[in-house]
Ligand code: ARG
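Numbering (the numbering used here), first residue to last: 10 to 475.
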């Protein structure tokens with residue numbers, strides 16, 4: 010540690026003894042990461058306390074030194090919580106904590122950095138931050154899922170079109186559509202949980218690259234900090250950012266899911282669909298067009314998925330081609346990680362709020378279900394009468410064409426038309442043109458029949474109760 014003059018600012022450095030002069034201001038500017046990594050401070054304080062205790066247990070520090078340091082670190086935490094902020098000369102979060110610790114406990118602070126490096130330190134702090142972030146994101150995702158369940162239950166008996174190629178395809182229960190967005194979020198939560206598990210491996214004790222030369226008990230540090238495991242290889246441990254890649258992948262996929270949910274809702278909110286009306290609290294107006302009711306939060310959800318994707322690509326780009334061990338390139342990891350977590354944390358409550366406050370126009374949804382959407386059911390009807398599906402498909406196609414040419418619904422075609430399309434048609438075929446009959450055929454698991462949807466809602470509820 011040395012206090013050097015450089016760039017006109019007095020700085021508390023964790024290095025510098027081997028240099029005749031201070032670093033160029035241009036180097037300091039590019040090297041400085043405290044504006045990004047300052048938020049790691051609660052974790053850096055926690056790991057420093059664990060490290061001080063481990064140094065004490067290893068006989069490197071005397072008991073009173075450990076006590077003084079732990080007390081000092083707690084005071085540093087309080088000072089930062091009360092508003093102490095980085096100064097111009099603070100290179101990174103580790104520097105400001107070291108500087109404040111010197112202010113609080115004086116010279117004994119200079120013993121804390123024994124046997125550790127910022128390489129194992131920053132990896133440890135970033136892992137702790139990531140585990141915490143995954144927990145917070147998970148709670149927000151659970152809220153979103155809860156809102157989906159509430160909406161699904163309200164739509165259980167409402168019928169709407171399901172679309173393929175954005176063309177009306179087949180009738181489904183509104184709950185079935187709503188929950189089609191629930192299960193992707195369930196997978197996102199699993200991915201985030203797996204990323205948190207990947208993060209839960211302790212690097213501290215790896216030193217700069219070769220492991221600490223002091224016999225600290227890494228398992229005790231692991232337990233003190235709540236990690237699940239300790240790293241097996243110090244070279245790997247200081248350069249491993251897989252847990253960040255996994256978190257960013259989980260967030261990029263989540264971003265895609267939010268974007269698709271948002272797009273469904275935006276589309277359904279257009280006057281052409283008018284299936285949903287956005288709540289006042291989540292609608293914005295236009296400065297020019299007084300009638301507008303814009304779903305900005307959903308549009309931002311749709312748009313900002315691109316950022317999470319960019320953050321993932323940026324991190325993978327940084328990692329690829331790096332030599333083993335720590336390289337300063339890795340400082341960039343936190344920019345991507347924080348950006349993706351911040352963006353997602355901002356979006357999730359807004360998406361949940363948008364969904365919770367919108368209302369469905371059940372009549373519009375039902376009115377969009379036309380008889381031609383039961384074409385598959387008509388073909389299935391013939392199949393039940395032993396007609397081959399191929400033949401049935403052709404016969405129903407003929408009926409669809411006839412209705413289209415006459416400009417009527419298939420329900421308005423005379424029975425004679427059915428009979429001439431295929432002799433196996435009986436008068437009871439008219440039942441098949443009801444959307445409720447269509448749904449009633451689909452009570453297999455995962456289908457949109459009323460009983461299947463009831464089971465699905467129960468499964469969704471059970472999942473989030475766990
Ligand atoms: N700010 C650095 C980072 O985020 C901390 C580690 C610096 N290590 C070093 N040897 N300069 O990666």
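The beta-carbon is built from N, C-alpha and C at its ideal position, and this holds for glycine as well.
| task | Consider the C-beta atom of residue 42 and the heavy atoms of ligand 1; say whether any pair is separated by less than 6 Å. | result | Locating residue 42 in the chain shown gives position 33, counting from the first residue. Answer for residue 42: yes, Cβ within range of ligand 1.
| Mind checking whether residue 1 and residue 227 have CB atoms under 7 Å apart? | Since the first and last residues shown for the chain are 10 and 475, residue 1 lies out of range.
| residue 83 versus residue 280 - alpha carbon distance | Mapped onto the chain shown, residue 83 falls at position 74. Mapped onto the chain shown, residue 280 falls at position 271. Approximately 58 Å, taken between the alpha carbons.
| query | For residue 473, which residues of its own chain have a beta-carbon under 8 Å away from its beta-carbon, when the five flanking residues on both sides are left out? | reply | On the chain shown, residue 473 is found 464 positions in, with the first residue counted as 1. Taken in chain order, the residues that qualify are 151, 154, 155 and 158.
| message | For the pair the segment 158 to 177 and the segment 193 to 201, tell me if three or more CB-CB distances fall below 8 Å. | response | As far as the Cβ criterion goes, the segment 158 to 177 does not touch the segment 193 to 201, which means the pair count is below three.
| said: Assuming residue 171 is part of the beta strand (DSSP E), what are its boundary residues? | reply: If you number the chain shown from 1, residue 171 lands on position 162. For residue 171, the enclosing beta strand (DSSP E) begins and ends at 168 to 173.
| Same chain only: Cβ atoms within 7 Å of residue 259, ignoring 5 sequence neighbours per side | Reading the chain shown from its first residue, position 250 is the one you call residue 259. These residues qualify, in order along the chain: 197, 200, 201 and 204.
| task | Answer with buried or exposed for residue 297, where buried requires no fewer than 16 other C-beta atoms within 10 angstroms of its C-beta. | result | Within the chain shown, residue 297 is the residue found at index 288, counting from 1. Classification for residue 297: exposed.
| said: Whole angstroms are fine: how far does the CA of residue 350 sit from the CA of residue 439? | reply: Along the chain shown, one-based indexing puts residue 439 at 430. Along the chain shown, one-based indexing puts residue 350 at 341. Spanning the two alpha carbons is a distance of roughly 54 Å.
| field | Straight-line gap, residue 428 to residue 422 (C-alpha atoms, nearest Å) | value | The residue you call residue 428 lines up with position 419 of the chain shown. The residue you call residue 422 lines up with position 413 of the chain shown. So the alpha carbons of these two residues sit roughly 11 Å apart.
| request: Report whether the distance from the Cβ of residue 476 to the nearest heavy atom of ligand 1 is below 6 Å. | output: Residue 476 cannot be examined here, being either before or after the span of the chain that is shown, 10 to 475.
| request: From the DSSP output, read off the bridge partner residues of residue 303. | output: Locating residue 303 in the chain shown gives position 294, where the first residue counts as 1. Answer by DSSP bridge pairing, in chain order: 293.
| field | Within 7 Å, strictly: CB atoms of residue 210 and residue 63 | value | Translated into the one-based positions of the chain shown, residue 210 becomes position 201. Translated into the one-based positions of the chain shown, residue 63 becomes position 54. No, the pair does not count as a contact, with Cβ atoms beyond the cut-off.
| request: Starting from residue 9, follow its DSSP beta bridges and name the residues at the other end. | output: In the structure as shown, the chain begins at 10 and stops at 475. Residue 9 is therefore absent and cannot be evaluated.
| Presumed contact (8 Å Cβ cut-off) between residue 324 and residue 265, rounded CB distance | Within the chain shown, residue 324 is the residue found at index 315, counting from 1. Within the chain shown, residue 265 is the residue found at index 256, counting from 1. About 17 Å; that fails the 8 Å criterion.
| What is the C-beta distance between residue 106 and residue 53, in whole angstroms, given that I count them as a contact (C-beta under 8 Å)? | By 1-based counting over the chain shown, the position of residue 106 is 97. By 1-based counting over the chain shown, the position of residue 53 is 44. The pair is a contact, with the Cβ atoms about 5 Å apart (cut-off 8 Å).
| said: On the DSSP letters alone, give me the boundaries of the beta strand (DSSP E) that residue 378 sits inside. | reply: Within the chain shown, residue 378 is the residue found at index 369, counting from 1. Counting along the chain, residue 378 falls outside any beta strand (DSSP E), and DSSP gives it neither H nor E.
| DSSP on residue 329, reduced to helix/strand/coil? | For the purposes of this step, residue 329 is taken as the residue at position 320 of the chain shown. Correct three-state label for residue 329: coil.
| query | Helix or strand or just coil, what does DSSP make of residue 225? | reply | If you number the chain shown from 1, residue 225 lands on position 216. Reduced to three states, the DSSP call for residue 225 is coil.
| said: For ligand 1, I want to know if residue 128 counts as a neighbour, meaning its beta carbon is within less than 6 Å of at least one of the ligand's heavy atoms. | reply: Mapped onto the chain shown, residue 128 falls at position 119. Yes - ligand 1 has a heavy atom lying nearer than 6 Å to the Cβ of residue 128.
| Whose CA, out of 470, 471 and 466, lies closest to the CA of residue 185? | Residue numbering aside, residue 185 sits at position 176 when the chain shown is read from its first letter. Comparing Cα positions, the closest option is 466.
| said: According to DSSP, simplified to helix, strand and coil, what is residue 125? | reply: In the chain shown, residue 125 corresponds to position 116, counting from 1. Reduced to three states, the DSSP call for residue 125 is coil.
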